[in-house]
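Peer 1:
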Amino acid sequence: MTSQAKVVLLACGSYNPVTNMHLRMFEIARDALHRTGRYQVISGVMSPVGDGYSKKDLVPSKHRCEMLKAALKSSDWIKMDTWECTQSTWSTTAKVLRHQKQQLEFLNNSTHKPSPSKRRRRQHNSVSDIQENQVPQIDIEGDHVPNIKLLCGADLLESFAVPGLWEEEDIEYIVGTHGLVVITRYGSDPLKFIYESDILTKFQENIFIVTEWIYNDISSTKVRRALRRGESVKYVLQDSVIDYIREHHLYGVPDNKYINHMMPSPNQEGNTEAEEKDSNSGEISVVLRSSQDSYSSLHLPLHRMSTNLDKRSPAKGTVSGRVPCFTDIGMLVKRVKNVRVGFTPETCV
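If you're matching positions, the sequence shown starts at 1 in UniProt numbering and goes up one per residue.
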C-alpha cells in the first residue's frame, strides 16, 4: 500500500478581518484531500499580508494578527505565521512559500537530534524564530519534508492571467514546485481557465480543484461594509473577533454618521433583547359605560407612547388647527352607545 503524502496547507491573504469562510476553506480542502486516500493534511498555516501591501481600508497588521489569533483558538490544526506581516516590504506569494519550505526543512533537520552544542547552535541560526502560532514541530520519517500546497479561491487562479500581476517564473514555482488547492466559487469554471493557460496546463496534475457545494459568498469587503453601517456580523465572524473590532473601534464603527449606537457585543445582544421585551409590555385598560346600570371593560392595547406624545397635543391655552378626536370621555360615550370601540393614539374615532 502506498504511503500517504503529508501536506501542509498555506493560505495568504489580508484577513481584513478574518471571516468564518477563511477558516471554512481549510476544512473543505482537508476533507477533499483525505477522501482521495493519497494525502494526509498535517497542518494549516494562515499568513497575513504586511502593512506594505497597498490596499484600501487595510488596518495595521497588529490588529489583523490579533483577530487571527483570536479566531484560531477554535482550531487545533490551523496556525498563524507572522513572518510575512513583519517584513518591511510587501512579499510575493512565491517568497512566502519559499520561507515556509525553509522552515519545514529546518524542523525536519531538528528531528535528527544532534549533540547539545550543535542543537544550540542550530537553534540560534534558524531561518526565523519558531513562534507559538507558526508551523508546529512535526515528527517526520526520514528526510521527507511535507509538501506545502497553496490554498486559494478560483479568483486567485484566474488572476494568473492578469497582465503584469504575476511573474511567470513565480507562477511556475508556485504551481510546479508546490501545487494548488483551489476552492471554487459559484459561477467559476477553473478547469476551463486551466485549459486556456499553457503554464497551468503544464502542471495541471499539481492543481487540485475542490467544489464547495454549500454556497457562501462571505467576503471581508462585505463585512467591512456591514460594520460601517452598524449591521450585525454575528455568525459571519467569530464572536471573539467581533469583540476585538468593537473594543478597538476598527472599520469606522464609531464614525458612522447614520448609526447612533455602536455595534453591540455578541454577549450583550441577549440582554438587549430582554430589555426591549420588558419595555414593550405596557398595556392600557379603558373602561367604557355601555348603559346606566352596567359597565363593559374593554382592554385596549395601545402602542407604546414616548415622551414625545405630549408634543402631539396643543398646550393648554393655545389654539390648534387640528380637529381633536374628542373633547372628553362624556362626549365619547354619547357617540358610541352600546358599541365597543377600540382605538390607538394614531386613530380618530
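Note that CB positions come from ideal geometry on N, CA and C, so glycine has one too.
1) Using the beta-carbon count (16 or more within 10 Å), is A94 buried or exposed?
2) Say whether the region 224–243 touches the region 196–206, bearing in mind that this needs 3 or more beta-carbon pairs closer than 8 Å, one atom from each stretch.
3) Going by C-alpha to C-alpha distance, which of L58, H99 and G164 sits closest to I148?
4) Flag this pair as yes or no: are the beta carbons of V210 and V175 separated by less than 8 Å?
5) Use the C-beta contact count for E169: other C-beta atoms within 10 angstroms, 16 or more gives buried, fewer gives exposed.
6) Please state whether DSSP places L72 in a helix, a strand or coil.
7) Can you give me the C-alpha to C-alpha distance between V7 and P146, rounded to a whole angstrom?
8) Report yes if the C-beta distance between G44 and S61 is below 8 Å; otherwise report no.
9) Apply the 10 Å Cβ neighbour rule to S91 and answer buried if 16 or more other Cβ atoms are within range, or exposed otherwise.
10) How would you write the range of the alpha helix (DSSP H) that L97 sits in, first residue to last?
11) With a threshold of 8 Å, are at least 3 pairs of Cβ atoms found where one atom belongs to the region 22–32 and the other to the region 65–80?
12) Suppose only complete runs of 3+ residues qualify. What are the beta strand (DSSP E) ranges in the region 18–93, listed by chain order?
13) For Y173, I'd like the list of residues in its chain whose CB is within less than 6 Å of its CB, leaving aside the five on either flank, ordered along the chain.
14) If you draw a straight line from the alpha carbon of K222 to that of N216, how long is it in whole angstroms?
15) What are the uninterrupted segments assigned as beta strand (DSSP E) that are 3 or more residues long and contained completely in the region 150–198, given in chain order?
16) Determine whether the beta carbon atoms of V96 and E105 lie at a separation below 8 Å.
17) Taking only the alpha-carbon atoms, compute the straight-line gap between S14 and E158 and give it to the nearest angstrom.
18) May I ask which residues mark the beginning and end of the alpha helix (DSSP H) holding T211?
19) R30 and V41: beta carbons closer than 8 Å?
20) With burial defined as no fewer than 16 other Cβ atoms inside 10 Å of the residue's Cβ, what is the status of I245: buried or exposed?
21) Per DSSP, I148 is paired with what?
22) Just the Cα atoms here: how many angstroms apart are C65 and S47?
23) Locate the alpha helix (DSSP H) running through K222, then write down its first and last residues.
24) Alpha carbon to alpha carbon, what distance is there between H63 and K56?
25) Measure the C-alpha to C-alpha separation of A315 and I218 and round it to an integer number of angstroms.
26) Under three-state DSSP, which class holds L237?
27) Is the beta carbon of Y251 sitting closer than 8 Å to the one on R229?
28) Roughly how many angstroms separate the alpha carbons of V59 and L107, rounded to a whole number?
29) Would you grab the beta carbon distance between F160 and G179 for me? Rounded to a whole angstrom, and I think it's under 8 Å.
30) For residue 367, which option in S188, N109, L156 and V233 has the closest C-alpha, if you only look at C-alpha atoms?
31) By alpha-carbon positions, which one of G153, E27, C12 and H34 ends up nearest to R185?
32) Would the beta-carbon of L10 fall within 8 Å of that of L151?
33) Taking buried to mean at least 16 other C-beta atoms within 10 Å of its own C-beta, is Y39 buried or exposed?
34) Would S232 and N16 qualify as a contact pair, given that the criterion is a beta-carbon distance under 8 Å?
35) Go ahead and label Q103 buried or exposed: buried means 16 or more other beta carbons lie within 10 angstroms of its beta carbon, across all protein chains shown.
Peer 2: Reading it off the structure:
1) Answer is buried; the Cβ neighbour count reaches 16.
2) Contact between the region 224–243 and the region 196–206 is absent, with fewer than three C-beta pairs closer than 8 Å.
3) The option with the nearest alpha carbon to I148 is H99.
4) No. Outside cutoff.
5) Looking at its Cβ environment, which holds fewer than 16 other Cβ atoms inside 10 Å, E169 is exposed.
6) Note: L72 maps to helix in three-state DSSP.
7) Spanning the two alpha carbons is a distance of roughly 5 Å.
8) In this structure, S61 does not lie closer than 8 Å to G44 by Cβ.
9) That one is buried.
10) Run containing L97: T93 to S110, per the alpha helix (DSSP H) assignment.
11) Yes, the region 22–32 is in contact with the region 65–80.
12) Whole beta strand (DSSP E) segments, 3+ residues: 39–48 and 78–80.
13) A94, listed in sequence order.
14) The straight-line gap separating the alpha-carbon atoms of K222 and N216 is approximately 12 Å.
15) The region 150–198 contains these whole beta strand (DSSP E) runs: 180–184.
16) Taking 8 Å as the Cβ cut-off, V96 and E105 do not qualify as a contacting pair.
17) Straight-line measurement puts the Cα of E158 at about 18 Å from the Cα of S14.
18) Taken as a continuous stretch (DSSP letters only), T211 belongs to no alpha helix (DSSP H), being part of the beta strand (DSSP E) at I207 to T211.
19) Yes.
20) I245 should be labelled buried.
21) For I148, DSSP records a beta bridge to V8.
22) Looking at the two C-alpha atoms, the distance is approximately 9 Å.
23) Unbroken alpha helix (DSSP H) run through K222: S220 to R228.
24) Between the alpha carbons of K56 and H63 lies a distance of about 16 Å.
25) Confidence at A315 is low in this model, with a pLDDT of 48, below 50, so the placement of that residue should be treated as unreliable; the coordinate-derived value is given next. If I take the Cα positions, the gap works out to 54 Å.
26) Of the three classes helix, strand and coil, the one that applies to L237 here is strand, per DSSP.
27) The beta carbons of Y251 and R229 sit no closer together than 8 Å.
28) Distance between the alpha carbons of V59 and L107 is about 32 Å.
29) Their Cβ separation, rounded to whole angstroms, is 14 Å, which puts F160 and G179 out of contact at 8 Å.
30) No answer is possible for residue 367: it lies beyond the span of the chain, which begins at 1 and ends at 349.
31) Out of G153, E27, C12 and H34, G153 has the C-alpha closest to the C-alpha of R185.
32) Note that the C-beta distance between L10 and L151 is below 8 Å.
33) When all chains shown are included, Y39 counts as buried.
34) Contact flag unset, no.
35) Of the residues assessed, Q103 falls on the buried side of the cut-off, its CB having 16 or more other CB atoms within 10 angstroms.
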